[in-house]
Each structure stands twice: as structure tokens, then as C-alpha cells.
Amino acid sequence: RASASLIPHEPSLLFTVAGMVPFMPYFLGEEVPPTRRMVTIQKCVRAGGKHNDLDDIGRTNRHFTFFEMMGNFSFGDYFKAEAIPWAWEFVTEVLGLEREKLWVTVHVSDDEAAEIWQSSVGVPPERIQRLDKDNWWAAGDVGPCGPCSEIFYDLGPELGDGGGPAHGGEDRFVEIWNLVFMQFDQPRPGERVPLPKPSVDTGMGLERITALMQGTNDNYAIDALRTLIEASADRSGTDPDGEHAVAHRVIADHVRASSFLIADGVLPSNEGRGYVLRRIMRRAMRHAHIMGAEDPLLWKLVATLVAGMGAAFPELARAEALITETLRHEEARFKEMLERGLRLLADETARLGAGEKLPGEVAFRLYDTYGFPLDLTEDVLRGEGRGVDSAGFEAAMERQRAEARKSWAGSGQTAEDELWFDLRERVGATEFLGYTTLAADAVVAGLVSGGKSVDRVEAGNEVSIVVNQTPFYAEAGGQTGDRGTLEGEDGTAVEIADTRYCADDLIVHVGTVKSGAVALDDVLEMRVDAARRSGLRAHHSATHLLHSALRRQLGAHVTQKGSLVAPDRLRFDISHHALIERDALAGIERAVNRQIRANTEVATRLMTPDEAIGSGAMALFGEKYGDEVRVVTMGEDAGEPWSVELCGGTHVARTGDIGAFKIVAESAVAAGVRRIEAVAGDAAIAHFTGQEDLLMRAATALKTSPAQLPERIEALIEERRRLERELSETRRKLATGAQGSEPEPAKKIDGIAFAGRRVDGVPAKELRGMADDLKKQIGSGVVALVAVGGGKASLVVGVTDDLTDRFDAVALVREGAAALGGKGGGGRPDMAQAGGPDAGAAEKALESIEQALSAGAG
Ligand code: SER
Numbered sequence: 001r002a003s004a005s006l007i008p009h010e011p012s013l014l015f016t017v018a019g020m021v022p023f024m025p026y027f028l029g030e031e032v033p034p035t036r037r038m039v040t041i042q043k044c045v046r047a048g049g050k051h052n053d054l055d056d057i058g059r060t061n062r063h064f065t066f067f068e069m070m071g072n073f074s075f076g077d078y079f080k081a082e083a084i085p086w087a088w089e090f091v092t093e094v095l096g097l098e099r100e101k102l103w104v105t106v107h108v109s110d111d112e113a114a115e116i117w118q119s120s121v122g123v124p125p126e127r128i129q130r131l132d133k134d135n136w137w138a139a140g141d142v143g144p145c146g147p148c149s150e151i152f153y154d155l156g157p158e159l160g161d162g163g164g165p166a167h168g169g170e171d172r173f174v175e176i177w178n179l180v181f182m183q184f185d186q187p188r189p190g191e192r193v194p195l196p197k198p199s200v201d202t203g204m205g206l207e208r209i210t211a212l213m214q215g216t217n218d219n220y221a222i223d224a225l226r227t228l229i230e231a232s233a234d235r236s237g238t239d240p241d242g243e244h245a246v247a248h249r250v251i252a253d254h255v256r257a258s259s260f261l262i263a264d265g266v267l268p269s270n271e272g273r274g275y276v277l278r279r280i281m282r283r284a285m286r287h288a289h290i291m292g293a294e295d296p297l298l299w300k301l302v303a304t305l306v307a308g309m310g311a312a313f314p315e316l317a318r319a320e321a322l323i324t325e326t327l328r329h330e331e332a333r334f335k336e337m338l339e340r341g342l343r344l345l346a347d348e349t350a351r352l353g354a355g356e357k358l359p360g361e362v363a364f365r366l367y368d369t370y371g372f373p374l375d376l377t378e379d380v381l382r383g384e385g386r387g388v389d390s391a392g393f394e395a396a397m398e399r400q401r402a403e404a405r406k407s408w409a410g411s412g413q414t415a416e417d418e419l420w421f422d423l424r425e426r427v428g429a430t431e432f433l434g435y436t437t438l439a440a441d442a443v444v445a446g447l448v449s450g451g452k453s454v455d456r457v458e459a460g461n462e463v464s465i466v467v468n469q470t471p472f473y474a475e476a477g478g479q480t481g482d483r484g485t486l487e488g489e490d491g492t493a494v495e496i497a498d499t500r501y502c503a504d505d506l507i508v509h510v511g512t513v514k515s516g517a518v519a520l521d522d523v524l525e526m527r528v529d530a531a532r533r534s535g536l537r538a539h540h541s542a543t544h545l546l547h548s549a550l551r552r553q554l555g556a557h558v559t560q561k562g563s564l565v566a567p568d569r570l571r572f573d574i575s576h577h578a579l580i581e582r583d584a585l586a587g588i589e590r591a592v593n594r595q596i597r598a599n600t601e602v603a604t605r606l607m608t609p610d611e612a613i614g615s616g617a618m619a620l621f622g623e624k625y626g627d628e629v630r631v632v633t634m635g636e637d638a639g640e641p642w643s644v645e646l647c648g649g650t651h652v653a654r655t656g657d658i659g660a661f662k663i664v665a666e667s668a669v670a671a672g673v674r675r676i677e678a679v680a681g682d683a684a685i686a687h688f689t690g691q692e693d694l695l696m697r698a699a700t701a702l703k704t705s706p707a708q709l710p711e712r713i714e715a716l717i718e719e720r721r722r723l724e725r726e727l728s729e730t731r732r733k734l735a736t737g738a739q740g741s742e743p744e745p746a747k748k749i750d751g752i753a754f755a756g757r758r759v760d761g762v763p764a765k766e767l768r769g770m771a772d773d774l775k776k777q778i779g780s781g782v783v784a785l786v787a788v789g790g791g792k793a794s795l796v797v798g799v800t801d802d803l804t805d806r807f808d809a810v811a812l813v814r815e816g817a818a819a820l821g822g823k824g825g826g827g828r829p830d831m832a833q834a835g836g837p838d839a840g841a842a843e844k845a846l847e848s849i850e851q852a853l854s855a856g857a858g
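Just so you know, this note's numbering puts 50 at position 50 of the sequence shown, and the rest follows in order with no gaps.
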């Protein structure tokens, strides 16, 4: 049988810890084996859970987190009477190990096995020892188990006391063979029932026996490990056996474990198997750091590993690219945190007395802020003979959880918020990979659709997805969330329309399943829309340059009041009291473009908020910052950086990548707050092109060139003014009947002359002038002009001075306005104006005035 996956079917186990794990159903009688005897070489990981060798790696020369276990299995076939002599035969005759060096142990209760060793095999009774717990084997707290019998090899007196494995040390007596007599099942911890068919599970560690056969007691000296140790030394420029020998061993083991786990579908995360993987990776990274490796190192060993083991484990070769990328990203991201966390740890331990434990609170800070798994901190401290107050660590973790719950509970939560919050507690913060990559594989950790947590979504469903790690940027600091696609192996595709934060630091991808289906634990390839992100980068970096330019141009009172970074534009609000003049804007624009052309590197570093402020970073007042902040520096001015800001956003690599910068608007948004809108990169070029296009269209319409446009437009405006004047003149003359046309004579109403005229199309503002003309013309009397236009009517009434003691223009115009459905009207006794919506009543308005006049005159 080929080796099974490192991820067992048994839910009770984290990893495949022994050769027998894939066969548990056969031992239990739950499944019928295709044959009653089998042989395997099974890949195993012992890190976390009942079988955990992680803490011993690097300290002994025989422990591994990853190893290969050779096994023979009998499923209700041969038993003790056959297995014991065969084991002896293989070890002494096939491998040729000296009988005098071998010791045997059996379980205290197992007289039968002891008897076989003595009588059938002929092992002297003083070489057979009985042990209790050490000779009882189980994969986990539940499942098949039984007494076991082991063969040990004595490496010699220089490695410790004699007296056999029961008394001597493990360094001297090394276990090379284990026969487990599977006789019981533990359905629940502590409960034992006999198995239907007693079976045998034989195990022999490949690395151990290989070392022995190569005549060494160092399991790391065998070819499979040595090639990796040498590669590690080579890539880091150090001596494989010098002061960093331990680091090389840890790295060699951990690269094997990490690579095989990734090949079997585990990716680093903050829970379960993914977290064990992360712990292994980060531990190895610390050792690379100790050696002074400047660049990520682990990924560079993958090719060596695949060359050595890829033929036996084809899944390793198939996943080579994924393994390399995963290691590279994790290390690149963790490197800076590691350095800073180690410094903090050194500061903290310097304050402690000899042998005093590290306070749990500090271990928790290292975990929470710097991503130090507890066992990494323990590993560091072990070297100085110091422990960690792990109860204090748990308490600090619990306290933070409770506080987060409390602060969230007060913030108008919805049922969906609660879902995210629960998920956040379960899976931890999402790792953001997007500073260094736009694509990565990730494991689905949570799905919410229709406001409910679900296990699976299908084509057509809208969904919010949480994964262990993502290159997608979630909206923050003004920068809008990324878009892109998630793809599964079987043609599954999800289109992501937005990315945002929920429950603080859970990155949620919001989108629609286009094809296939997505289920929890699926692995998806996540791809950020690269062109869009590139626009976001340009606009975000341009915002920083703009911010600095504004302060330089307008003064240090300028602070950021709001910011939007979109792929195709930016908006930046600042505190400033006056309009920013065109000249100033042009100066700001020039300064930004000069920084762009200088093409200096954009640097990002992590520091404490105090260090950041000390370095001149512009922090936002009232913002809450964690223990570590990202500081983005760009541009240059007389040897000093042009801009230093605290920022978690994504930026261009060099200012030149911004391309170009153009301010397109300046306005007021509130008292003392101005808004600048601008474009950068492709959007700036598109803006220029658009402006040019407008000019060309205008010039074409006016049959001129863009250069002649201003003059041409001025001429047109002048022309238009002249025409308007002429038109107005002409209308007036028409209405008053001058210029030869016979004016309609004024009526006489009880001796008072009344000229009422309808002059449609005349603008309201011209009516008064016309009324004046008309008054002059009739000499003494009352005039009324009504004009209909734009769906309403305007009305003017004039009274000659000699009659104002008898008639009031205001009163008269109100009579007319009433007919037009209007209210009010105003002016002086000799001239008043009004209007109304009922354009159809123009004639009636004149009649009402006439009637009012006759009533007044009478
Ligand atoms: N399961 C036993 C072991 O792991 C024998 O294969 O030692």
C-alpha cells in the first residue's frame, strides 16, 4: 500500500501519527481489509495532540516532527507466535544487527510474549524487560490499542548507563522495532473492550534504522536529512556543523513537515491543523533568523526536498509551486514581526530574575501583536532555562476575548454581525498577504449566505466568504476593498465585488458564485483584479504625496479630515479655512509631479507608534493604534523624506509608478474643511485625453482651433450681448407701437386712459421698461402688460404720476395676479409687478385690472 495522506479520516486525530492510522477501521472490524496482510511506508507527523515531538526537535538527534514509518500489518491473520520470531529474523539476519546489542521489552501483563521471546527465539531472560505504560500503544485517546513489545539497540556505554531500556537512558538504548498486539478498542477514554480479531501492527522508523545501518547514532546524519542540512547551510552561507548546527536540523525537519503538510492540503491558519503548520513554519523561521539569514530561507530548500523525495511521494512534486509560495509568503510576512518580537522578548526577560518565568501577559502580547505561537516563545526561552507562565497567557487571551465581546455587544449589532463575531473567535484574524502578492491559495473557513452561516453555496448564490489567508485588501484607511475572483479545481468560480472587515479583523470577501460550488474547507485560488489594484496603489501613494504638498504649501494647520482612494480617483479632505487659489493648486500639483518624476523608493517599515511619531510620521489624531504600526515613507526633499505616514494601505514600489497627478476639483465640504479631488496614473492620462477631446469638440463646433477658442468664445459672447440688446429694443418698439406701426389706442374708462397689452415672449425683466415707455406715450393713465412664457404669466401695471393719488399700481397688479392664480405682487404706487402660474388666464388678468379701474374711477 502506498502511504496514506497525513490528514487522517479519523476525526479524533490531528495527523497521521503512525503507520496503523489509515487501518483503524480494519482493526476495529468496521471495514473488511482487501487482504489480511499489508506492508507500508507511511509518512507521519507528530506535532500537537497525544503524539507530539515538536518540543524535542533540535534537542535530541532522534526526534522528528515528520518521519517515515515502515510497517507490517496483520488484520486477524498472524499473531504473537509468528510476529515475534519474524521480527527477530528480520533484524538479526536480514539487517544483520548483532544479537548481543539487542534488548527486548514486553508489557507487564504479557507473559505470552515474554515466553515466545525466551523459548521460541532464544533471547536470554535477563535481556527481556517488562514495562507498563511504555509498552502499551494507542494512536489517540480513543480507538484500537494494545500491549506492545519492542526491540532496542544498545549504542554503547559512552552514551549512558547500562541496565537495558528499563533502566538506561534513551540515548544509549534506542527503540528500533515495535510490535503492537492490537487486542482492544477504547470507544471512550479509559474504557476498553476486546477487539473481534486480534491483530498486529509492526512499526520501524525509517530514519532510525537507516542511521543505525549507516553506523551513526545521529538520525540527522542520514542522506534524507543531510542533503537538507547542507542546502540550508549553503543557502544561508553558514557552516552545516558549526555554531548553527541545531538551527540547520530544526530547519531540515520543519521544512519536511511543512512541505508534506502543504502537499496534503493544509495551509497556515490560526486554528487546527493550519495552526500547527504555522507553528512549525514560524519555529523554523526563527532558527533561520538566528543564523542571520537576511532573506526568507525555507522556500529555497523545497527543490532539494522534492529532488530527494518527490519520486517516492509524487504529491510532493505536484505541489512544489504551492509549497514554495506558501513558505515564501509566510516567511516574508513574519520576518519583520519576528525581529521586533524577539527584541521585545529580550527587553522583557532582561528585567526578570534568574529562572523567573515570563509573565503570561507578555507572552500574550507576543502572540497577539507579533504572531508568536506560545511554543515559539517557549522555544526561545528554553535556551536560557526559562519558562512561560502559560496560565497567565491563557488568562490574558480569555480577557481579550471577553473585552472584544463586550465592546462589540454595545455597538448595535445585527444577527449577521454575531455570525462574524463567532467566526472570528473560532478562526482568528485573517492573514493579509496582499502587500507582497496578488494571488494565493486559501482554505474556506466560513460562508455566510442570506444572512445565515452555511456549509456550502452554489452557482447563483450571493455569498460572503472568510478564508485563512488572503491577498485581497479589505476597505480601510480610505482605500476601497479589492475585487477579483476565487477559483476551485473543478471549474468553480466566485466573483468578488467587494472586500471588507467584519468583527474587527476578519477579512470578508463579498461576491457571487458564478459556477460550481464552494464548501467549507475547500481550497480556492484567490486572485485580486491586478489592474484595479494597480490603480488603487497609484492613488493611495499620490494621496500621501498630496497630503505632504498641501501642508508645505498651505501650512502645518492642514490635517487630514477624510480620504477616499479609488482605483480611478482620489478625494482628500483637509482642515483649511479659505478657498485654495488656482496658483496654490498649481503649485501643489507641480510639487507632487516633481516627486513622482524623482522616482524614489517607497519604503514600508513596522515600528511602535512612538517610534513612528518620532520619525515624523503624520498620525491621525484620535485614531487608535496597536503596538505595531506600518510606516510608509516616500519622496525626498533636501535629504529628508517628503512624506512619512502611518498607513496600512497598499502602495507603489517607487513614486514613478504613480505616473502623473492632476487635481480636478477643489471645493468646500463643511465649515473649515476643503476637498481636493484628483486623479493619478492611468486615470490622470484618461483625464488629459478627455480634456483634450472636449477642446477638440468645442473647436470643431466653432470651426476653429483649440488655441483660438478663448478669443472665438469671447467674440461670440459679445455678439450675443449685442443681439440681445437689439432684440429687446425691437420688442419694446413693437409693443409700444413706435417705429411707424400704428399703436393700439388706449381705452378711456370713465375718463381715465387705460392701455392693456399682451406681449407674449418678452422676458419678465423687460416688462417694466416697456411699461415706462407706454406710460410716456399715453401721457396720463394706467398701463398693464402681461407676457406669457415658459408656462407662466408675468404682469406689470404702471400708473402715471398725476394719477397715483387715485390709483395704486400695487393694488391693481394684485387683482390681475389673482386671475393668474398667483399670490401677491409688489412695487411702488406708480409701477408694480406680479406673476402667476395660469398662463391661459392672461386676457382675464387684463380684464380684472380694467374692472378694478372702472370700480375705482367710478
Ligand atoms: N503504531 C506503533 C508505533 O507507532 C507501531 O507501528 O510505534
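Glycine included, C-beta positions come from ideal geometry on N, C-alpha and C.
Source: prediction; values computed, not measured.
Check: Through-space distance from L723 to R757, alpha-carbon basis; Outcome: 25 Å
Check: Rounded Cβ spacing between S453 and H509 (contact assumed at less than 8 Å); Outcome: Rounded, the Cβ-Cβ distance is 15 Å, inconsistent with contact.
Check: Helix, strand or coil at N468 according to DSSP, with G and I counted as helix; Outcome: coil
Check: P147 vs W136 beta-carbon contact at 7 Å; Outcome: yes
Check: Inter-residue spacing [alpha-carbon to alpha-carbon] between K335 and G76; Outcome: 52 Å
Check: Contact test: A18 Cβ vs ligand 1 heavy atom, cutoff 6 Å; Outcome: yes
Check: Alpha carbon of K561 to alpha carbon of K792, nearest angstrom; Outcome: 46 Å
Check: Cβ neighbour criterion (16 or more within 10 Å) applied to H557; Outcome: exposed
Check: Identity of the residue in R328, G164, R386 and F66 nearest R249 by Cα; Outcome: F66
Check: Closer than 6 Å: G71 CB and nearest ligand 1 heavy atom; Outcome: yes
Check: Start and end residues, beta strand (DSSP E) containing F784; Outcome: A small fix is needed here, since residue 784 is Ala in this sequence, not Phe. Looking at the DSSP string, the run of the beta strand (DSSP E) that includes A784 is V782 to G789.
Check: Cβ pair count under 8 Å reaching 3, the stretch 528-542 against the stretch 473-488; Outcome: yes
Check: Three-pair Cβ contact test at 8 Å for the stretch 310-318 versus the stretch 279-292; Outcome: no
Check: Length of the line joining the Cα atoms of G635 and I588; Outcome: 14 Å
Check: Collapsed DSSP secondary structure at M20 in the structure displayed; Outcome: coil
Check: K747 (DSSP reduced to helix, strand or coil); Outcome: strand
Check: Close Cβ partners of W299 (< 6 Å) along its chain, the five nearest in sequence each way excluded; Outcome: T324, L327 and R328
Check: Any beta strand (DSSP E) of 3 or more consecutive residues that is wholly inside the stretch 786-822; Outcome: 792-799
Check: Per DSSP, the bridge partner or partners of C647; Outcome: Its beta-bridge partners do not exist; DSSP assigns none.
Check: Neighbour-count burial assignment, H167, 16 or more Cβ in a 10 Å radius; Outcome: exposed
Check: Start and end residues, beta strand (DSSP E) containing I323; Outcome: That residue, I323, is in no beta strand (DSSP E); its alpha helix (DSSP H) goes E320 to A350.
Check: Top-ranked residue by Cα proximity to V592, from D657, V631, G626 and G649; Outcome: D657
Check: Nearest-angstrom Cα separation, counted from S848 out to D760; Outcome: 18 Å
Check: Proximity to S541 [Cα-Cα], best of A113, V644 and G856; Outcome: V644
Check: Exposure of A503, with buried meaning 16 or more beta-carbon neighbours within 10 Å; Outcome: buried
Check: Proximal residues to R1 (C-beta, below 6 Å), its chain only, five neighbours per side dropped; Outcome: M38 and T40
Check: Cα-Cα separation, L570 to I507; Outcome: 23 Å
Check: Same chain only: Cβ atoms within 8 Å of Y435, ignoring 5 sequence neighbours per side; Outcome: R333, T604 and T650
Check: Cutoff 7 Å; reference E850; Cβ partners in own chain excluding five residues on either side; Outcome: I749, F754 and G756
Check: Proximity winner among E640, M618 and D637, relative to V631 (alpha-carbon distances); Outcome: M618
Check: A468 vs A439 beta-carbon contact at 7 Å; Outcome: Note on identity: in this sequence residue 468 is Asn, with Ala being the wrong assignment. No.
Check: Ranges of the alpha helix (DSSP H) found wholly within the stretch 252-303, counting only runs of at least 4; Outcome: 272-290
Check: First through last residue of the beta strand (DSSP E) which encompasses S72; Outcome: The displayed chain sequence assigns Asn, not Ser, to residue 72. That run of the beta strand (DSSP E) goes F66 to S74.
Check: CB of G867 within 7 Å of CB of L6, strictly; Outcome: Residue numbering for the chain in the displayed model covers 1 to 858; residue 867 lies beyond these limits and cannot be assessed.
Check: N-terminal and C-terminal residue of the alpha helix (DSSP H) that I676 is part of; Outcome: Looking at the DSSP string, I676 is not in any alpha helix (DSSP H); the run it does join, the beta strand (DSSP E), is V673 to A680.
Check: Exposure label - N72; buried when at least 16 CB within 10 Å; Outcome: buried
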